[in-house]
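J.: Can you read through this structure? Questions will come right after.
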Amino acid sequence: MITKFLSLEWKSFIRSSNFGKGLAIKILMAFFAVYFLLVFLSLGVFIYPTLKKAFPDNDPFVMVNTLLFFWFLGDLMLRFFLQKLPVMSVKPLLTLPIKRSRVVNYVLGKSALSFFNFLPLFAIVPFSVVLITKDYEVTKVITWLVAMVILTLISNFLNFIIESFSAETEFSFLPIILFAGTLFGLNHFNIVNFSQLLSSAMLAITNNPLYLIVLLIILIGLYLFNHKVLIKKLYLDNSLKTKIKEVSTSDLGWTKRFGEVAPFMQLDLKLIWRNKRPRSAVFILVIGLLYGLFFYPQPMYRDMPIMYGFIGVFVTGIFLINFGQFIPAWDSGYYKMLMSQNIKYEQYLKSKYTLMMLSVIIMFVLSIPYVYFGWKILVAHFAAAIYNIGVNTYVIMLGGSFNRKKIDLNQRAAFNYQGTGAVQWLIGIPLLLVPLAIFGALTYYVNFYSGVSALILLGIIGIVFHQKLMQLITKKYLNSKYEMIKAFNQDN
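Sequence positions in the sequence shown follow numbering that gives the first Met the number 0 and run 0 to 491.
Spelled out as C-alpha cells, the structure:
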C-alpha cells in the first residue's frame with residue numbers, strides 16, 4: 000500500500016500542469032538545499048577544533064550539549080515557518096476501501112523523511128566521527144547520536160501539533176511565538192535553566208543508554224497525538240463544517256464614488272475581510288508601518304539617507320506587495336465564473352490598482368510621524384509613495400499576469416507558501432532592488448535630493464501614462480486568460 004501511495008504522488012507530480020513551469024524553481028531550491036547541506040557538513044567537521052581553540056579549558060562535547068536548547072528552539076521556529084505536513088490529496092482515497100489510519104500513518108511516516116530531519120544529520124554524524132577520533136568512548140558517542148536523531152524527530156512531530164493549534168487562531172503564528180518565547184524567557188532570566196537541564200539530560204543518556212527509552216516514549220506520544228488530530232479531520236465533509244456566527248455586513252457605499260470599478264472594489268474588500276489568507280495582508284500593515292522603528296531610532300541608520308528610500312518603498316508599499324503579488328490568484332476559486340460574465344477586464348484590473356493606490360496613500364499618511372526622526376525621512380517616504388503609485392503598482396500587476404497557481408483563501412495566513420511560485424520570488428527584484436539602486440546611486444554620487452527627485456519623476460511619468468500602461472497590462476492578461484483558467488482549475 001505504501002508503494003501505491005508513492006506511485007500516486009509521483010504521477011500527481013509529473014502530470015500537473017505546473018510541472019514544467021515549476022521545474023526551474025525546484026532546481027533553484029535544490030541548489031539551496033545542497034548549499035545548506037555543505038554548510039551543516041562544515042559545521043559538523045569544524046565545530047570541535049573551533050571550540051577547542053576558543054575555549055581550551057572546556058570540553059567541546061559538553062559545550063555543544065549546552066547549546067542544544069537554542070538549537071531545538073531555532074529548529075522548531077524554522078520548521079513552523081518553512082515545513083508543512085506532507086499531506087497528499089486524500090479525498091479520492093476516502094471513497095475507497097482503505098483504512099483512514101493507514102493513510103494517516105503514511106502521511107506521518109513520510110514527514111519523518113523530510114529534508115529538515117536529514118539536514119541536522121550532516122552536522123551530527125561528522126561531529127560524532129570527530130569525537131571518536133578524539134578518543135571519546137564509541138558507545139557513548141553512538142548513544143548521543145541516536146538521542147540526537149530522536150530529538151530531531153520529536154521536533155518534527157511537535158511542530159505539527161503547534162501548527163494544528165495555530166490553524167485555529169486568527170494570528171496563526173502566535174502559538175509558536177508564545178511557546179518559543181516563553182521557553183527562551185524562562186531560560187534567559189534563569190527561572191528555569193532549560194539549556195543546562197537539556198545538557199545534563201543528554202550527558203545522562205550518553206552515560207546510560209537505557210534513558211533513551213524516555214525519549215522514545217515522548218516521540219511515540221507525539222506521534223499518537225498527531226495521529227489522533229489528523230484522523231479526526233480525515234473526512235470528505237470536513238471542509239464543509241463551518242463555525243456558526245453572526246454575519247456583519249456593509250454596503251461599502253463609499254466605493255461608489257469610484258464609478259465603474261466600484262463593484263470589483265467591493266468584491267475585493269469583502270474577500271479580504273471574510274477570508275483568513277487575504278486578511279493577513281491587512282494585519283501585516285501594522286508590521287510594515289512599524290518597520291521604520293527598527294532602523295530610524297539607531298544613530299548609524301539615521302546618518303544613512305540611502306536607507307530612507309528603501310524603507311519608504313517598503314513602508315508605503317507593504318499592502319501593495321502582499322496583496323498585489325497574488326493578483327489574480329485571489330479570485331482563482333471563482334475565476335472561471337468571473338471571466339464568463341459580461342465585464343470589462345480593464346475595469347477588473349483598475350479596481351485592483353485603485354485599492355493598491357489608496358493603500359499607499361493611507362500608509363504614507365500614517366507614516367508621517369516618522370518626521371520626528373528628521374525631515375529627510377518624510378521627504379523620502381513621499382517620493383517612495385509617488386514611485387509606488389506610478390511604477391510599482393504596474394510592475395506588480397504585470398507580474399500577476401504570470402500567476403498560474405491557485406490559492407485556498409481559508410488556509411493558514413502567516414508564512415503560508417501555498418500558491419507561491421517563481422513569480423513571487425522574482426518580483427521582489429523590480430519592486431525593491433530597482434528603486435533602492437536608483438535612489439542609492441544618485442544619493443551616493445550626487446546628493447539626497449537628486450535621488451528623491453528621480454523617484455518622484457519616475458512615479459509621475461507612470462501616473463501620466465496610466466491609461467496607456469493599463470491598456471498594455473490588460474492586453475497581457477487577456478492573452479493569458481485561458482491559461483489562467485486552466486491552471487486555476489488544478490490543485491497545487
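We put the beta carbon where it would ideally sit given N, CA and C, even for glycine.
(1) According to DSSP, simplified to helix, strand and coil, what is threonine 248?
(2) Is the CB-CB distance between tyrosine 307 and alanine 384 below 8 Å?
(3) Taking the CB atoms as reference points, tell me whether phenylalanine 372 and tyrosine 295 lie closer together than 8 Å.
(4) Look up phenylalanine 115 in the DSSP assignment and say whether it is helix, strand or coil.
(5) DSSP on glutamine 470, reduced to helix/strand/coil?
(6) Quick check: methionine 396 and tyrosine 352, are their CB atoms within less than 8 Å of each other?
(7) Could you check if arginine 273 is buried or exposed, using at least 16 other CB atoms within 10 Å of its CB as the buried criterion?
(8) Go through its chain and collect everything with a Cβ distance to leucine 144's Cβ below 8 Å, but skip five positions before and after it.
(9) Kindly indicate which three-state DSSP category methionine 303 falls into: helix, strand or coil?
(10) The ligand HEM heavy atoms versus the CB of leucine 107: any closer than 7 Å?
(11) So what does DSSP say about glutamine 297, is it helix, strand or coil?
(12) Following the continuous alpha helix (DSSP H) through valine 445, name the residue where it begins and the one where it ends.
(13) From leucine 471 to arginine 276, what does the alpha carbon distance come to, in whole angstroms?
(14) Apart from the five residues just before and just after asparagine 57, which ones in its own chain have a Cβ nearer than 7 Å to its Cβ?
(15) Nearest CA to the CA of arginine 99: which residue from Leu233, Phe39, Leu75?
(16) Let me know if glutamine 324 comes out buried or exposed under the rule of 16 or more other beta-carbons within 10 Å of its beta-carbon.
(17) By the 10 Å Cβ neighbour count, where 16 or more other Cβ atoms means buried, how is phenylalanine 31 classified, buried or exposed?
(18) Let me make sure I understand the geometry here. Which of Phe60, Ser350, Ile455 has the alpha-carbon closest to that of glutamate 136?
(19) Mind reading off the beta-carbon distance from methionine 355 to phenylalanine 318? Whole number of angstroms is fine, and I expect it under 8 Å.
(20) Among the candidates Lys375, Met264, His226, Leu67, whose CA atom is the shortest distance from the CA of valine 103?
(21) Kindly indicate which residue of Thr151, Ile26, Val33 has the alpha-carbon position closest to the one of glycine 73.
(22) Reducing DSSP to helix, strand and coil, say where serine 41 ends up.
(23) Do glycine 398 and isoleucine 426 have their beta-carbon atoms positioned less than 8 Å apart in this structure?
(24) DSSP three-state call for lysine 480: helix, strand or coil?
(25) Fully enclosed by the stretch 365–401, which alpha helix (DSSP H) runs are 4 residues long or longer?
(26) Taking Cβ positions, are leucine 430 and asparagine 402 nearer each other than 8 Å?
(27) Just the C-alpha distance for asparagine 387 and alanine 200, rounded to the nearest angstrom, thanks.
(28) Following the continuous alpha helix (DSSP H) through threonine 94, name the residue where it begins and the one where it ends.
(29) Are phenylalanine 117 and glycine 43 touching if we call contact CB-CB under 8 Å?
(30) Thinking just about the alpha-carbon of each residue, which of Val260, Phe193, Val148 is nearest to the one in phenylalanine 68?
(31) Short check: CB of isoleucine 153 to CB of leucine 107, under 8 Å?
(32) In the DSSP assignment, the alpha helix (DSSP H) including leucine 218 goes from what residue to what residue?
(33) Could you give the DSSP three-state label for serine 194: helix, strand or coil?
(34) Assign phenylalanine 309 to buried or exposed, taking buried as 16 or more other Cβ atoms, counted over all protein chains shown, within 10 Å of its Cβ.
(35) Near asparagine 158, which residues of its chain fall below 8 Å by C-beta distance, leaving aside the five closest residues on each side in sequence?
(36) Using CA coordinates, which residue listed in Ala111, Ile46, Phe115, Phe54 is at the minimum distance from leucine 36?
T.: The answer reads as follows:
(1) At threonine 248, the pLDDT of 45 sits below 50, so the modelled position is not reliable and the matter cannot be decided from this model.
(2) no
(3) yes
(4) helix
(5) helix
(6) yes
(7) exposed
(8) Ile123, Val124, Ser127
(9) coil
(10) For the structure depicted, the ligand HEM is absent and the ligand set is empty, with no information on it obtainable.
(11) coil
(12) Neither: valine 445 is in no alpha helix (DSSP H) and is coded neither H nor E.
(13) 29 Å
(14) none
(15) Leu233
(16) buried
(17) exposed
(18) Phe60
(19) 7 Å
(20) His226
(21) Thr151
(22) helix
(23) yes
(24) helix
(25) 374–386, 392–399
(26) no
(27) 54 Å
(28) Looking at the DSSP string, threonine 94 is not in any alpha helix (DSSP H), and its letter there is neither H nor E.
(29) no
(30) Phe193
(31) no
(32) 211–232
(33) helix
(34) buried
(35) Leu75, Arg78, Phe79, Gln82
(36) Phe115
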